[in-house]
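First comes the structure, then the notes that go with it.
Residue numbers (the working numbering): 3 to 168.
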């Protein structure tokens, strides 16, 4: 968190070489382990935070991160957010499979309580793990397009931006 706080001040120079390393992010007594990947000259960095603690090891999250990396976005895959951090997020974007009714219902309920900008993207035909053909590709493309749009940036040349938008 100290690095994020520091980044709010003077912008750090953008790396001109690829960074691909495990990191530990400390916030007082809480230490979050993660994996940082920065392509050369990244547009910006997207933080993945997953409540189960599996974010940096999840093949699905790693795949989505690789799609974002190919578009010029850095990624930080983290496991568990503290309760304080969960309440303090400034923008929330979740992607859920339409066939995962329980998680979709829980996300909609949580969305009703959020007091910050938020968006829930639903991938038709997808279950919880996006294992159905093409659904992980659609989820990754939705995430890529959302972050690129939100950051007011353009993806790198040659990146296919044909994801369905909701």
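From the three backbone atoms N, C-alpha and C, an ideal C-beta is built for every residue, glycine too.
Element boundaries [alpha helix (DSSP H), containing residue i]
i           : result
residue 79  : Taken as a continuous stretch (DSSP letters only), residue 79 belongs to no alpha helix (DSSP H), being part of the beta strand (DSSP E) at 76-80.
residue 129 : Looking at the DSSP string, residue 129 is not in any alpha helix (DSSP H), and its letter there is neither H nor E.
residue 161 : No alpha helix (DSSP H) contains residue 161, which DSSP labels as neither H nor E.
residue 115 : 103-115
residue 147 : 137-152
Cα-Cα separation, residue i to residue j
i           : j           : result
residue 153 : residue 46  : 8 angstroms
residue 33  : residue 27  : 5 angstroms
residue 111 : residue 22  : 36 angstroms
residue 144 : residue 109 : 17 angstroms
residue 31  : residue 125 : 37 angstroms
residue 63  : residue 159 : 23 angstroms
residue 60  : residue 24  : 14 angstroms
residue 65  : residue 79  : 11 angstroms
residue 139 : residue 29  : 34 angstroms
residue 101 : residue 135 : 14 angstroms
residue 156 : residue 147 : 9 angstroms
Contact belief for residue i with residue j at Cβ below 8 angstroms, rounded distance in angstroms
i           : j           : result
residue 95  : residue 121 : 5 angstroms
residue 75  : residue 44  : 6 angstroms
residue 81  : residue 137 : That pair is no contact at about 24 angstroms.
residue 114 : residue 97  : Not a contact, Cβ separation roughly 18 angstroms.
residue 67  : residue 150 : Residue 67 to residue 150, Cβ: 14 angstroms. No contact.
residue 42  : residue 18  : 6 angstroms
residue 142 : residue 69  : 4 angstroms
residue 40  : residue 20  : 7 angstroms
Counted within 10 angstroms of its Cβ, other Cβ atoms place residue i as buried (16 or more) or exposed
i           : result
residue 85  : For residue 85, the pLDDT reaches just 43, beneath the cut-off of 50, and the residue's location in the model is therefore unreliable, although a value from the coordinates is still provided. Its Cβ having fewer than 16 others within 10 Å, residue 85 is exposed.
residue 116 : exposed
residue 36  : buried
Continuous beta strand (DSSP E) stretch holding residue i: start and end
i          : result
residue 39 : 32-40
residue 22 : 21-29
residue 51 : 47-51
residue 96 : 94-99
Point to revise | contact_flag[the region 122-133, the region 99-112] where n(CB pairs < 8 angstroms) is 3 or more | key: yes
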